[in-house]
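>
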Amino acid sequence: MVENYIKKDIPKDLSKLAKASKACSSASTSSQRTYAFLIDAYESVAYGTYILGYPVRISFGALACAAKACLRVFELRGTLDAFPHDVVTIDVRYPEGHPKHMVIEPSNPPGTKDFSTTNSRDNFKGVCMALMTGEFTLARQIAALAWDPPDAKYVFANSSTCTWNDQRLAYAMREFFAGNTDEALAFLAKVFPGQKRFIYVRYIAGLI
14 MVENYIKKDI
24 PKDLSKLAKA
34 SKACSSASTS
44 SQRTYAFLID
54 AYESVAYGTY
64 ILGYPVRISF
74 GALACAAKAC
84 LRVFELRGTL
94 DAFPHDVVTI
104 DVRYPEGHPK
114 HMVIEPSNPP
124 GTKDFSTTNS
134 RDNFKGVCMA
144 LMTGEFTLAR
154 QIAALAWDPP
164 DAKYVFANSS
174 TCTWNDQRLA
184 YAMREFFAGN
194 TDEALAFLAK
204 VFPGQKRFIY
214 VRYIAGLI
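Numbering (our numbering), first residue to last: 14 to 221.
1. Using 8 Å for Cβ pairs, my map puts residue 82 next to residue 52. What's the rounded Cβ distance?
2. If you reduce the DSSP assignment to three classes, tell me which class residue 58 lands in.
3. How many whole angstroms separate the CB atoms of residue 184 and residue 159, which I take to be in contact at a CB cut-off of 8 Å?
4. Under 7 Å Cβ to Cβ from residue 180, same chain only, skipping five residues before and after it: list those, please.
5. Which same chain residues, not among the five before or five after residue 72, have their C-beta less than 6 Å away from its C-beta?
6. Excluding the 5 residues preceding and the 5 following residue 89 in the sequence, name in chain order all residues of the same chain whose CB lies nearer than 6 Å to its CB.
7. Does residue 170 pass the burial test, meaning 16 or more other C-beta atoms within 10 Å, or should it be called exposed?
8. Determine the direct distance from the alpha carbon of residue 153 to that of residue 5, and round the result to whole angstroms.
9. Measure the CB-CB distance between residue 54 and residue 86 and report whether it falls below 8 Å.
10. Using only the alpha-carbon positions, how far apart do residue 188 and residue 157 sit?
11. Taking the alpha-carbon positions, what's the residue 109 to residue 115 distance?
12. Count the other CB atoms, across all protein chains shown, that sit within 10 Å of the CB of residue 14; report buried if there are 16 or more and exposed otherwise.
13. For the beta strand (DSSP E) containing residue 195, name the first residue and the last one.
14. I'd like the span of the alpha helix (DSSP H) that includes residue 179, first residue to last.
15. Return the first residue and the last residue of the alpha helix (DSSP H) that residue 86 is part of.
16. Could you tell me whether the Cβ atoms of residue 84 and residue 151 are closer together than 8 Å?
17. For residue 107, count the other beta carbons within 10 Å of its own beta carbon; 16 or more makes it buried, fewer makes it exposed. Which is it?
18. Cα separation between residue 69 and residue 147?
19. Here's the rule I'm using: 16 or more other beta-carbon atoms within 10 Å means buried, otherwise exposed. How should residue 173 be labelled?
20. Let me make sure I understand the geometry here. Which of 141, 92 and 117 has the alpha-carbon closest to that of residue 104?
21. For a test of the three-state rule: what should DSSP assign to residue 102, helix, strand or coil?
22. Taking only runs that begin and end inside the stretch 125-164, name each unbroken alpha helix (DSSP H) of 4 or more residues, in chain order.
Structure, rendered in structure tokens:
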């Protein structure tokens, strides 16, 4: 079964992804979510082909495509309207049928821009993928867009979205590529290994 997947399914998957990427590049309405999907898809193909013994150029090629999709996600950050959805609040103090028993409100006011698919952790990952595949210009472009809002609630020590260490590494990369060595070292000095699920060991190992 594995052998058949290597010979047949992987080339088909790569062909489908290539067509999807081309469609995204030519479509003016492609969203962050579309490119975020491509990141995950290409990354899965990259690691899957490597584990299954497919030629490493295929794995690196898929990883480079994931990094390119990552750049597009960050370039589109805050340029498109947020995905519309509602928040439903149930107040048991009021009986069913009462106007205040169930209140449905939009989660974002009209005109709210979408920042939901990006954070420093994803930025650092994208930079590492670009560096592993020799795409140094791409790595610099991604690193330059590393940023989190100052009041971002998703950034904390053991966050599953973005830890303080994730953010500091991303900011250090940004400053390094910008030529600000002192600032980069200052961010690195704040990185500590005591956090649960320490930062992207597989990417760092790949760079080494």
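All C-beta atoms in this analysis are idealised placements derived from N, C-alpha and C, irrespective of residue type, glycine included.
In short, the structure shows the following:
1. 5 Å
2. helix
3. 6 Å
4. 133, 161 and 168
5. 59, 62 and 63
6. 45
7. exposed
8. With the chain represented from 14 up to 221, any question about residue 5 goes unanswered, as that position is not in the structure.
9. no
10. 8 Å
11. 8 Å
12. Low per-residue confidence applies at residue 14: pLDDT is 35, beneath 50, and the placement is therefore not dependable enough to give any value.
13. Unbroken run through residue 195 is the alpha helix (DSSP H), 194-202; no beta strand (DSSP E).
14. 177-190
15. 69-88
16. yes
17. exposed
18. 13 Å
19. exposed
20. 117
21. strand
22. 133-145 and 149-156
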